[in-house]
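Participant: For my numbering, count along the sequence shown from 1 and bump the result up by 13.
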Amino acid sequence: MKETAWKSPSNIALVKYWGKYDVQIPANPSISFTLSEAATTTKLRYEEGTGTIKVFLDGKETPSFLPKIEAFLERTAEFFPFAKEMNFEIHTSNSFPHSSGIASSASGMSALALCMMSVKKDLGLPITNFFEEASNAARLGSGSGSRSLYGPLAAWGEHAEIEGSSNEFAVAFSDVHDIFKSFQDTILLVDKGEKTVSSTVGHGLMNGHPYAAARFEQAHENQSALLTAMLEGDLERFGAIVESEALTLHGMMMTSMPYFILMKPNTLEVINRIWSFRQQTGNPVFFTLDAGANVHVLYPESHKEVIMSFIDSELRTFCKDGSYLCDAVGLGPTQL
Ligand code: DP6
Numbered sequence: 014m015k016e017t018a019w020k021s022p023s024n025i026a027l028v029k030y031w032g033k034y035d036v037q038i039p040a041n042p043s044i045s046f047t048l049s050e051a052a053t054t055t056k057l058r059y060e061e062g063t064g065t066i067k068v069f070l071d072g073k074e075t076p077s078f079l080p081k082i083e084a085f086l087e088r089t090a091e092f093f094p095f096a097k098e099m100n101f102e103i104h105t106s107n108s109f110p111h112s113s114g115i116a117s118s119a120s121g122m123s124a125l126a127l128c129m130m131s132v133k134k135d136l137g138l139p140i141t142n143f144f145e146e147a148s149n150a151a152r153l154g155s156g157s158g159s160r161s162l163y164g165p166l167a168a169w170g171e172h173a174e175i176e177g178s179s180n181e182f183a184v185a186f187s188d189v190h191d192i193f194k195s196f197q198d199t200i201l202l203v204d205k206g207e208k209t210v211s212s213t214v215g216h217g218l219m220n221g222h223p224y225a226a227a228r229f230e231q232a233h234e235n236q237s238a239l240l241t242a243m244l245e246g247d248l249e250r251f252g253a254i255v256e257s258e259a260l261t262l263h264g265m266m267m268t269s270m271p272y273f274i275l276m277k278p279n280t281l282e283v284i285n286r287i288w289s290f291r292q293q294t295g296n297p298v299f300f301t302l303d304a305g306a307n308v309h310v311l312y313p314e315s316h317k318e319v320i321m322s323f324i325d326s327e328l329r330t331f332c333k334d335g336s337y338l339c340d341a342v343g344l345g346p347t348q349l
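1. Return yes when the Cβ of Phe69 is within less than 8 Å of the Cβ of Thr75, no when it is not.
2. State buried or exposed for Leu349, treating a residue as buried only when at least 16 other CB atoms are found within 10 Å of its CB.
3. Compare the beta carbon distance of Gly164 and Gly295 with 8 Å and say whether it is the shorter of the two.
4. According to DSSP, is Ala306 helix, strand or coil?
5. To the nearest angstrom, how far is the alpha carbon of Met265 from that of Ser212?
6. Kindly identify the DSSP beta-bridge partner or partners of Arg58.
7. Tell me whether Tyr337 counts as near ligand 1, meaning its Cβ is closer than 7 Å to at least one heavy atom of that ligand.
8. Taking 8 Å as the cut-off, decide whether the C-beta atoms of Gly32 and Ala238 are in contact.
9. Figure out for me which residue from Leu311, Glu234 and Phe290 has the closest Cα to the Cα of Ser326.
10. For Asn107, write down the residues that DSSP places opposite it in a beta bridge.
11. Are the beta-carbon atoms belonging to Ile275 and Gly246 less than 8 Å from one another?
12. Quick check on this structure: which residue in Glu174, Phe299, Thr47 and Ile103 has the alpha carbon closest to the alpha carbon of Lys81?
13. So, is Lys333 buried or exposed, given that buried needs 16 or more other C-beta atoms within 10 angstroms?
14. Do Gly154 and Phe85 have their C-beta atoms closer together than 8 Å?
15. Looking at the secondary structure, which residues open and close the alpha helix (DSSP H) in which Val255 lies?
16. For the beta strand (DSSP E) holding Asp198, just list the boundary residues, first then last.
17. Could you tell me which whole beta strand (DSSP E) segments of length 3 or greater appear in the segment 279-326?
18. Report the three-state DSSP secondary structure of Pro22 (helix, strand or coil).
19. Taking all protein chains shown into account, do 16 or more other C-beta atoms lie within 10 angstroms of the C-beta of Asp35, making it buried, or fewer, making it exposed?
20. May I ask you to report which of helix, strand or coil DSSP gives Cys332?
21. Can you tell which of Ser43, Ala96 and Ile200 has the C-alpha that lies nearest to the C-alpha of Arg160?
22. Whole-angstrom Cβ separation of Ser148 and Leu162, contact assumed at under 8 Å?
23. Can Gly345 be considered in contact with ligand 1, in the sense that its beta carbon sits closer than 7 Å to one or more heavy atoms?
24. Measuring alpha carbon to alpha carbon, tell me which residue in Gly170, Leu240, Ser179 and Gly335 is nearest His190.
25. Strictly by DSSP, which residues pair up with Tyr34?
26. Tell me whether the segment 256-270 and the segment 216-232 touch, counting them as touching only if at least three CB pairs, one residue from each stretch, are closer than 8 Å.
27. Could you give the first and the last residue of the continuous alpha helix (DSSP H) run that contains Lys67?
28. Name the one or two DSSP bridge partners that Val342 has.
29. Between Asp340, Leu79 and Glu98, which lies nearest to Gln197 when the distance is taken from Cα to Cα?
30. Cβ of Ser106 versus every heavy atom of ligand 1: is any distance shorter than 7 Å?
31. If I measure Cβ to Cβ from Ser195 and keep anything under 7 Å in the same chain, skipping five residues before and after, which residues do I get?
32. Rounded to a whole number of angstroms, what is the C-alpha to C-alpha distance between Met376 and Ser269?
33. List the endpoints of the continuous alpha helix (DSSP H) containing Leu85.
34. Can you look up Ser159 in the DSSP assignment and give me helix, strand or coil?
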């Protein structure tokens, strides 16, 4: 068998993708920091064959991953028509613990999409733009995965002020003040459990949601305002938009039918402490949330020491087993 391998990162959205239609078309534009530490490494072994697939997580055969991979290959048949005439062995591992509550779909699907693109290249099939096609394929596996292909930031979904932006693939975005190119993201593991709401169910909650239209409109506006704030290095404005986006995401979940509260009491403790600390000390420290209870603490690299000591003395106690992951803005995938 031949082989190809890629390491692809996770990302954290600043303007949130929440709601989609047709096949993986986002209801609103989103933009994210690409991370540097949280990543999936995937080695794809391939040979001519009959479409058999074996998948291994951390060296252990894991057939429970097969349905997702098969669905991915079906959806991406237009990009990888050769898949049915090959046998694959997929060896994958994540840099973050499985039980951490960190979603592996963005990094996992982007790593797999990149491996498939490398196979396509090896077969001599025409490719116009390797990363754009990889992002498009990753999107079909996981919407947020489309944004893992580039750093330091990536934007997915048509937006008036981002040239070349598309609903089908993400584009690299680096038109920001230098302070954002080395931003830190310390991920506080408030709750390590499995997600209570799968992203499919979550996005589905936006269908027929009474506030959906206003939310989709707001995302466009927030993205515009965020682009200006990031270009100017306006940390205060950046923080206000990013925190509002996080709370809006959770607000949409609380006001859908059925409704969900994905924050835990400790999520709120952490948020309140970040606010008090910021008010009392003037330090630029902000939070964002995924569709879960963990808190991403965002701050400039120049304030690492003071923020890390704040996290250790005041926030760590709200984390499961005192655990957090230190991450930062990264530059995107690497071929191994
Ligand atoms: C809250 O990309 O996981 O993290 O397209 O169904 O795979 P699927 O959804 P997914 O949704 C991510 C939602 C979010 C916000 C974001 O990353 O933009």
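Even for Gly, the Cβ is constructed at its ideal location relative to N, Cα and C.
Please read these numbers as outputs of a predicted model, since none were measured by experiment.
Facilitator: Taking the coordinates as given:
1. yes
2. exposed
3. no
4. coil
5. 13 Å
6. Glu16 and Glu102
7. no
8. no
9. Phe290
10. Thr53
11. Per the sequence shown, residue 275 should be read as Leu rather than Ile. No, they are not a contact pair.
12. Ile103
13. buried
14. yes
15. Leu248 to Met267
16. Gln197 to Leu201
17. 299-302 and 308-312
18. strand
19. exposed
20. coil
21. Ser43
22. 4 Å
23. no
24. Leu240
25. Ile38
26. yes
27. Premise fails: Lys67 lies in the beta strand (DSSP E), Ile66 to Leu70, not in any alpha helix (DSSP H).
28. Leu48
29. Asp340
30. no
31. Glu314, Ala341 and Val342
32. Limits of the chain in this structure are 14 at one end and 349 at the other, which puts residue 376 out of reach.
33. The sequence given here has Phe at residue 85, not Leu. Where Phe85 is concerned, the enclosing alpha helix (DSSP H) stretches over Leu79 to Arg88.
34. helix
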